[in-house]
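The opening position of the sequence shown corresponds to residue 9 in my numbering, with each subsequent residue numbered one higher.
Here a beta-carbon is modelled for each residue, glycine too, at the ideal position from N, C-alpha and C.
Only a predicted model underlies this, so the values are computations on that prediction, with no experimental measurement involved.
Take a look at the structure set out below.
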Amino acid sequence: MKELEDILKSSQPIPLKKKTVLNITYSSIWAKETIGGIFKTFDLSNEQFNVLRILRGKKGSPANLQDIQDRMVYKMSNTTRLVDKLILKGLVERFTCEKNRRKVDIYITKQGLQLLKEMDPIIEETENKLTANLDTEELKTLNYLLTKLRS
């Protein structure tokens, strides 16, 4: 197990609070890059994948841009642009209400559902590998502590 100081090639010990923030940041980037490699093979970004999963979770019901934005992991994403790119790929559809042009319904397509079905086992296997060094209790504790940190 490599300590953060070794990874960052620090000649001095890193103060605990700074080390904690750096460790969370480094781990987040490590996990995102690992999973991001999978997304690239399917010509998706992390954010596009997130939109597809949100739409799949609607189980055939429409979502609007605000619904999607509210559920995004990364809230800074330009949701309209993400949806537009997914439409071009044939993974989602957008329908504008004829009576109220501001009302827009967004659905995942069969092609989008099929892509997620193909990706699911690969993502699950990668998540298992990323968390393999922790047992169930450690995972629960880590989740608890990260939630507490954000509170």
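Kindly indicate the opening and closing residues of the beta strand (DSSP E) around threonine 104.
Note, threonine 104: beta strand (DSSP E), 100 to 104.
Per DSSP, which residues does lysine 81 bridge with? Please list them.
Just to set this straight, residue 81 is valine in the shown sequence, not lysine. Looking at the DSSP assignment, valine 81 forms no beta bridge with any residue, so it has no partner.
Give me the DSSP bridge partner(s) of alanine 71.
According to DSSP, alanine 71 bridges with Ile114.
So, with DSSP's three-state summary, where would you put arginine 158?
Three-state DSSP puts arginine 158 in a helix.
The alpha helix (DSSP H) that contains threonine 139, what's its start and end?
It is not in any alpha helix (DSSP H) - threonine 139 carries neither H nor E in the DSSP assignment.
Just to confirm the assignment, what range does the alpha helix (DSSP H) spanning phenylalanine 6 have?
Nothing about residue 6 can be read from this structure; the chain reaches only from 9 to 159.
Alpha carbon to alpha carbon, what distance is there between threonine 149 and valine 59?
Spanning the two alpha carbons is a distance of roughly 28 Å.
In whole angstroms, what is the alpha-carbon distance linking isoleucine 131 and lysine 93?
If I take the Cα positions, the gap works out to 22 Å.
Using a Cβ-Cβ cut-off of 6 Å (strictly less than) and excluding sequence neighbours within five positions of aspartate 113, which residues of its own chain qualify?
These residues qualify, in order along the chain: Pro70, Phe103.
To which residues of the same chain is threonine 42 closer than 7 Å at the C-beta, ignoring the five residues directly before and after it?
Here the set comprises Thr134, Leu138.
So which of Leu73, Asn108, Gln20, Glu11 has the shortest CA-CA distance to isoleucine 32?
The shortest Cα separation from isoleucine 32 among Leu73, Asn108, Gln20, Glu11 belongs to Glu11.
Leucine 99 and threonine 117 - do their beta-carbons sit closer together than 7 Å?
For threonine 117 and leucine 99, yes; Cβs fall inside 7 Å.
Just mark glutamine 119 as buried or exposed, buried being the case when its beta carbon has 16 or more other beta carbons within 10 Å.
It is exposed - the Cβ of glutamine 119 has fewer than 16 other Cβ atoms within 10 Å.
Could you please give the first and the last residue of the uninterrupted alpha helix (DSSP H) stretch that includes arginine 89?
Note, arginine 89: alpha helix (DSSP H), 87 to 96.
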